[in-house]
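Letter by letter, the sequence shown follows residues 1 to 176 in my numbering. Ideal placement from N, C-alpha and C gives every residue a C-beta, glycine not left out. These figures come from a predicted structure and were not determined experimentally.
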Amino acid sequence: MGVTVDVRQVYKYPFEQVVASYLRKYPSPMEKHVTAVKTVEEKNDLSTGIVYRRRIATCQNVIPEILRKVSVLQVSEIYLEEESWLNAQERTMVLKTHCLTWTKFASLSEESVFRKSLENPNWTEFIQKGRISITGAGLLNCVLEAFAQAFLNQGVKKGIKIMETLLQEQYGCPFS
Numbered sequence: 001m002g003v004t005v006d007v008r009q010v011y012k013y014p015f016e017q018v019v020a021s022y023l024r025k026y027p028s029p030m031e032k033h034v035t036a037v038k039t040v041e042e043k044n045d046l047s048t049g050i051v052y053r054r055r056i057a058t059c060q061n062v063i064p065e066i067l068r069k070v071s072v073l074q075v076s077e078i079y080l081e082e083e084s085w086l087n088a089q090e091r092t093m094v095l096k097t098h099c100l101t102w103t104k105f106a107s108l109s110e111e112s113v114f115r116k117s118l119e120n121p122n123w124t125e126f127i128q129k130g131r132i133s134i135t136g137a138g139l140l141n142c143v144l145e146a147f148a149q150a151f152l153n154q155g156v157k158k159g160i161k162i163m164e165t166l167l168q169e170q171y172g173c174p175f176s
């Protein structure tokens, strides 16, 4: 079956400021579940100006203890891989994220875009589509998907709040 999450947020800050804040967003005391983010590959295509990055995020396992009775869920850390393509000239950054943990039982994928807002060129639009699908857990599939959807919705709200806080701390009040 699977569950999806769709988000659209406009940050009233220029693209360059939003991307810089995003790239230093984690780890942060504002989000205790993300414990590390490591850039494992970075390439700059001199002909296009596109900067490619591949990062690995280490996150605490947030699955409730009652569901961790299933042995495969008894891990302390979850790993996510994020690939990004930053095109500063066109003022876009595309990101693709997927889970590296539990790949035989679950698939988590997100596609995100930061781009100059159509409403105001000094603002940045963020669009994200995420999907989680659980297989191989029998009757727990639906329970785990419901938990995942609630956690993702909460995480999206928290992520937006962290971004707004970082932007305001670094750059002051937003552009009108």
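C-alpha distance - S21 paired with G49, whole-angstrom precision: Looking up residue 21 in the sequence shown gives position 21. Looking up residue 49 in the sequence shown gives position 49. Rounded to the nearest whole angstrom, the C-alpha separation of S21 and G49 is 20 Å.
Nearest candidate by alpha-carbon position, reference N61, set W123, K158 and C99: For the purposes of this step, residue 61 is identified with residue 61 of the sequence shown, where counting begins at 1. Distance from the Cα of N61 is smallest, within the candidate group W123, K158 and C99, for C99.
M163 in three-state terms, based on DSSP: As a first step, residue 163 is located in the sequence shown; it is residue number 163 there, counting from the start. Helix, per DSSP.
Sufficient close CB pairs (3 or more, under 8 Å) joining the stretch 26-34 to the stretch 156-170: The stretch 26-34 is in contact with the stretch 156-170.
Start-to-end residues for the beta strand (DSSP E) that takes in V37: Here residue 37 refers to the residue found at position 37 when the sequence shown is read from its first residue. For V37, the enclosing beta strand (DSSP E) stretches over residues V34 to N44.
Length of the line joining the Cα atoms of L166 and L95: For the purposes of this step, residue 166 is identified with residue 166 of the sequence shown, where counting begins at 1. For the purposes of this step, residue 95 is identified with residue 95 of the sequence shown, where counting begins at 1. Computed Cα separation, rounded: 20 Å.
Rounded straight-line distance, which links the Cα of R55 to that of A106: On the sequence shown, position 106 is the one that residue 106 refers to. On the sequence shown, position 55 is the one that residue 55 refers to. Spanning the two alpha carbons is a distance of roughly 20 Å.
For Q128, the residue or residues it bridges with in DSSP: Mapped onto the sequence shown, residue 128 falls at position 128. Beta-bridge analysis with DSSP links Q128 to V7 and S112.
Three-state secondary structure assigned by DSSP to S21: By 1-based counting over the sequence shown, the position of residue 21 is 21. Of the three classes helix, strand and coil, the one that applies to S21 here is helix, per DSSP.
First and last residue of the uninterrupted beta strand (DSSP E) at M30: Counted from its first residue, the sequence shown places residue 30 at position 30. Careful: M30 lies outside any beta strand (DSSP E) and carries neither H nor E.
Exposure of V40, with buried meaning 16 or more beta-carbon neighbours within 10 Å: The residue given as residue 40 occupies position 40 in the sequence shown. Its Cβ having fewer than 16 others within 10 Å, V40 is exposed.
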